[in-house]
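In terms of our numbering, the sequence shown has 259 at position 261, counting the first letter as 1, and numbering is strictly consecutive.
So the structure is just underneath, and the comments pick up after that.
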Amino acid sequence: MTSESQEHGAPRRPVKDEVDVVAEETEKPAKGDKKDKKGSFWKELPVLVVVALVLALIIKTFVIQAFYIPSESMENTLLKNDRVLVNKIVYHTRDIERGDVVVFSGVDSWDGEFEMEEPSNPVAGFFRWVGTAFGVVPGEKDYIKRVIGVGGDHVKCCDSKQRITVNGVAIDEGTYLYPGNVPSDKFFDITVPEGRLWVMGDHRSVSLDSRSHTGDPGGGSIPVGQVVGRAFVIVWPFNRATTLSIPDTFGQPALQALGDSSVPLVAGFAGAFPLVLIRRRRRSRRR
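Following this line, the structure appears as C-alpha cells:
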C-alpha cells in the first residue's frame, strides 16, 4: 500500500529521524534553567518569611500564643524555662473558672517577680518581640497564676486545718501545691470584687501573688480584662508535655453552688413556689 506522502510525491522520513525528534523534545532543561529556578526561590524566600510572621502575629493576637515560664512561682506544675500554649479565645465562650491557670498582664500594677532589661536598640527590640511571639523569651509584664477565687467569692486563709476556704468551703491543694509548702504563710480575708480574680502561684513560698498586693486597688485581685488567656498545655520540653486541667477540688458541688451567681435567683423561685401553693389552697377553702 502506498502512503499519503508517497502519493503526493513527498519522500518519507526515516524512522531514525522520528526517534531523534522525540529525543530532542524530552531533553532535560539546560543548566541555566536550574539556576533561574534557584534564583527565584531565594527571591521569594523573604516574602515567605514575611507572610509566616504575619500569620504568626495574627494567631498570637487572636487565637493561641506560646509563653515562656521565667520563674519558679508555679512549681511543680510549671518549671522555669517551660513553654506553655495559652488559649486566647476560650473566655469568649465560657467564664473564667476557679482552678484555671491563667496568663495576665501586670502592666501598671504588678512587678517584682521577674525584671527584664530594656532592649539596647530597635533591632534588639524587634528580635525580643519575635521571641515573645513564639514563646522563646518571657513577656515583660506577663504573669501566670492559678485562679483561686472569682468575683463575689469570699476567699480566706485559713481554717483550723490550715486550708484556704472559698465561700466557707475548704479546698484540698495537695495535688498541685509545691511539696513542703503550706497553703499560705500570710493571713488574708477578702471578698473578691465583681469583675476581678484572686490568683496565687502553686509555689506559695516564693510566689508574689495576690497576697503580696493587698494594698493595691482591688485588694490584691486582678481585673478580668487583664487576662490574656488560659494556659492549657505544656509543649516544651517534650518530656514534660501534658495538659493543664482544673484540679478536682474546684469541682466540689458545695463550692460551685455557693459561688454560682444564679443561686440567689434559683433560691428565690424555690422559696416562692410553696408560698404560692399555700395561697392557692387558702383560696380554694374559702370558696
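Even for Gly, the Cβ is constructed at its ideal location relative to N, Cα and C.
As the structure is a prediction and not an experimental result, all values here were calculated from the model.
- Judged by DSSP in its simplified three-state form, PHE185 adopts coil rather than helix or strand.
- With contacts defined by Cβ atoms closer than 7 Å, LEU242 and VAL84 do not form a contacting pair.
- Annotation: the continuous beta strand (DSSP E) that includes TRP196 extends over 194 to 198.
- Under the three-state reduction of DSSP output, THR247 falls in the helix class.
- ILE142 and ASP157 have their C-alpha atoms spaced approximately 26 Å apart.
- Counting along the chain, LYS86 sits inside no beta strand (DSSP E), nor does DSSP assign it H or E at all.
- DSSP places GLY223 within a helical segment (H, G or I) once states are collapsed to three.
- If you draw a straight line from the Cα of ILE162 to the Cα of ILE232, it comes to about 27 Å.
- For the set GLU95, GLU70, HIS201 and PRO181, the Cα lying nearest the Cα of VAL222 is the one of GLU95.
- Looking at the DSSP output, ASP93 sits in no beta bridge, so it has no partner there.
- Rounded to the nearest whole angstrom, the CA to CA distance from VAL226 to LYS41 is 37 Å.
- By the neighbour-count definition (other C-beta atoms within 10 Å, threshold 16), LEU195 is a buried residue.
- The three-state reading of DSSP puts GLN160 in coil, since its state is none of H, G, I, E or B.
- Straight-line measurement puts the Cα of SER69 at about 20 Å from the Cα of SER219.
- Note on ASP151: 16 or more other CB atoms within 10 angstroms of its CB, so buried under the neighbour-count rule.
- VAL99 sits in a strand when the DSSP states are folded into three classes.
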